[in-house]
Amino acid sequence: MIPMPPRWMLFTGVLAALALAVPPFVIARVRATPDPNRAVHIFFDMDFQPKFKPQTVNPLFADGRSQRPAVLGTVARGEDNLDTHLNDGVVNGAWAETLPAGLEMTREFLERGQQRYNIHCSVCHGYAGYGDGTVNKRAMELMSSSEGPANGTSWVQAKSLHDPVVREHRLGMLYNVATNGIRNMAGYGTQIDLNDRWAIAAYVKALQLSQNASMQDVPPELRDNLKKEVK
Amino acid sequence: MSRFLFPRWSNLLLPTIILAAATIPVYAIFFVAYGLSPKTLEVGYQPEQPVPFSHALHAGELGMDCRYCHTSVEKAAHASVPATQTCMNCHTQIRPESPKLAKLKDSYATGLPVEWTRIHKLPDFAFFDHSAHVNRGVGCVECHGRVDKMEVVYQKSPLSMGWCLECHRNPDSVLRPTGEITNLAFDAATELSAEERKALKDKFHINPSEDCSTCHR
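Protein chains in written order, with this note's numbering: chain A, 1 to 231; chain B, 1001 to 1217.
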């Protein structure tokens, strides 16, 4: 029989060995569960430098923004926005029917417009422009809820871009609506770049043509192909 | 006074010390590598936001494109958090009286921003450019995970240097066509063959640098 050490010593030893088994469990649990608090920084290195990055806080200003909004009544260089065709879609007091100088109606331009339309417009107007986007559908469901529109919802069915009135809109007006909004629709001037808004207007025109076309609009050599596809 | 004699059981100390000397360093290495790894400390950060915005509803159920709100992601290093106006494009009419939107309403009235809590934060000595990645075939999902399934967004990736280098050393594995950039359900690894991904790498001229100065500039 090996002589054993005193009991208190054995006890402490076993306890210490058991204590070593705790951290792995804690770590595994931390890994598996989300945490509402950011990890504690022990070594700061240069993780947090005294500089301002986009959308950070600067306590020197009353509103706390590090990105300063333009001072009211000032005009940034190159942003006088005085070209009515380019900025408002208006030529000689009437809606422009052409693209402003510098933009060209190319396939690439229309494809850009399609991509931007699908990002920003399709949510309400739908991919094909019939006013059946997902946000519109959900809002209409809220409106027809049996307990009345929830939380003050007051939605008006998004316009179909193939509505006879909308089909008559000139290119410049479509651009202007995308920029400044109309009726219940908010303006997207700050959300979408200027060139992209023109591209969207051009794409909407193409979309309208595509949904209201007759066989006469198809080049003769492609008509057979189309007939096959439709069947 | 008698002489001190080691008790007989002290012979056991030697094997005990050898055992401890062999296991404790291994344990310490494991503890640091596993316990202090960014995968433990950084991943899973899920702060409560001032407005309980659900990406699962907006990006998932409604299928809104990431770029509807995060407009600067293709043009700038920083993928911007949207202005209150972006929310109010719809929420002036959809549930404007909801108590969940109270802070949004305040922000719209006062012009002061909603103070969203930033989740993904690189150390200030690391440079990262969103536009360089999303315009050349790296989709949102590669780093941010299935945000369209997150009711409350959490950090999916460790954002550690080793993690960045994983892709920089093997970019083929994460490339997708530019049209699928914001399609979070698109899995480049299963939907594209190795040849297709190699072709994308050539198309985008991807030759990611592993130099220190690429990110620490």
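Ideal Cβ placement from N, Cα and C applies to all residues, glycine included.
Quantities reported herein were computed from a predicted structural model and do not represent experimental measurements.
- Interface annotation, A/Phe-48: in contact with chain B, CB-CB separation under 8 angstroms.
- By the Cβ test, the region 211-219 of chain A is not in contact with the region 1114-1126 of chain B, since fewer than three Cβ pairs between them sit closer than 8 angstroms.
- Taking a beta-carbon distance threshold of 8 angstroms, A/Gly-152 counts as an interface residue toward chain B.
- B/Trp-1163 does not reach chain A, its nearest Cβ partner there being about 15 angstroms away, counting only Cβ pairs nearer than 9 angstroms.
- DSSP places A/Asp-35 in the strand class (E or B) of the three-state scheme.
- By the rule that beta-carbons nearer than 8 angstroms mark a contact, B/His-1133 does not touch chain A.
- By the beta-carbon neighbour count (other beta carbons within 10 angstroms, threshold 16), A/Asn-225 is exposed.
- The beta carbon of B/His-1058 lies closer than 7 angstroms to those of Met-1064 in the same chain, with the five residues before and after it left out.
- Excluding five sequence positions before and after A/Leu-174, the CB atoms of its chain that fall closer than 6 angstroms to its own CB belong to Ala-201 and Val-204, given in chain order.
- Around the beta-carbon of A/Thr-153, 16 or more other beta-carbon atoms lie within 10 Å, marking it buried.
- The criterion of a C-beta distance shorter than 8 angstroms is satisfied by B/Gly-1139 and B/Glu-1180.
- In the structure shown, the three-state DSSP call for B/Tyr-1154 is coil.
- Interface annotation, A/Lys-205: not in contact with chain B, CB-CB separation never under 8 angstroms.
- Counting every other CB atom within 10 Å of its CB across the protein chains shown gives B/Arg-1067 a total of 16 or more, marking it as buried.
- DSSP places A/Met-185 in the strand class (E or B) of the three-state scheme.
- It is roughly 22 angstroms from the alpha-carbon of B/Val-1043 to the alpha-carbon of B/His-1070.
- Comparing C-alpha distances from B/Ile-1206 to each of B/Met-1161, B/Thr-1182 and B/Val-1174 shows the shortest one belongs to B/Val-1174.
- Between B/Val-1141 and the set B/Arg-1217, B/Leu-1019, B/Cys-1090 and B/Gly-1060, the nearest pair of CA atoms involves B/Gly-1060.
- Unbroken alpha helix (DSSP H) runs of no fewer than 4 residues, entirely contained in the region 1032-1062 of chain B, are found at 1038-1041, following chain order.
- Of all residues in the region 1066-1094 of chain B, the ones placed with a Cβ closer than 9 angstroms to any Cβ belonging to chain A are Cys-1066, Arg-1067, Tyr-1068, Cys-1069, Thr-1071, Ser-1072, Lys-1075, Ala-1076, Ala-1077, His-1078, Ser-1080, Val-1081, Pro-1082, Ala-1083, Gln-1085, Thr-1086, Met-1088, Asn-1089, Cys-1090, Thr-1092, Gln-1093 and Ile-1094, in chain order.
- The alpha helix (DSSP H) runs lying completely inside the region 14-77 of chain A and spanning 4 residues or more are 22-32, given in chain order.
- Rounded to whole angstroms, the Cβ separation of B/Pro-1038 and B/Ser-1193 is 32 angstroms, and the two are not in contact under 8 angstroms.
- As a beta-bridge residue in DSSP terms, A/Ala-94 pairs with A/Val-91.
- The Cβ-Cβ distance between A/Gly-172 and A/Val-90 falls below 8 angstroms.
- For the pair B/Trp-1116 and B/Val-1081, the CB atoms are nearer than the 8 angstroms cut-off.
- Separation of the CB atoms of B/Asp-1129 and B/Ala-1077 is rounded to 4 angstroms, and the pair is thereby assigned contact status at 8 angstroms.
- Residue pairing by DSSP places B/Leu-1175 opposite B/Val-1138 in a beta bridge.
- Pairing B/Ile-1119 with B/Gln-1093 gives a Cβ-Cβ distance that is not under 8 angstroms.
- If you check the CB distance, A/Gln-67 and A/Gln-55 come in under 8 angstroms.
- Per DSSP, B/Cys-1069 is one residue of the alpha helix (DSSP H) stretching across 1066-1069.
- The beta carbon of B/Glu-1048 falls within 8 angstroms of a beta carbon belonging to chain A, placing the residue at that interface.
- Near chain B, meaning a CB-to-CB distance below 7 angstroms, the residues of the region 132-159 of chain A are Thr-134, Val-135, Arg-138, Ala-139, Leu-142, Ala-150, Asn-151, Gly-152, Thr-153, Ser-154 and Trp-155.
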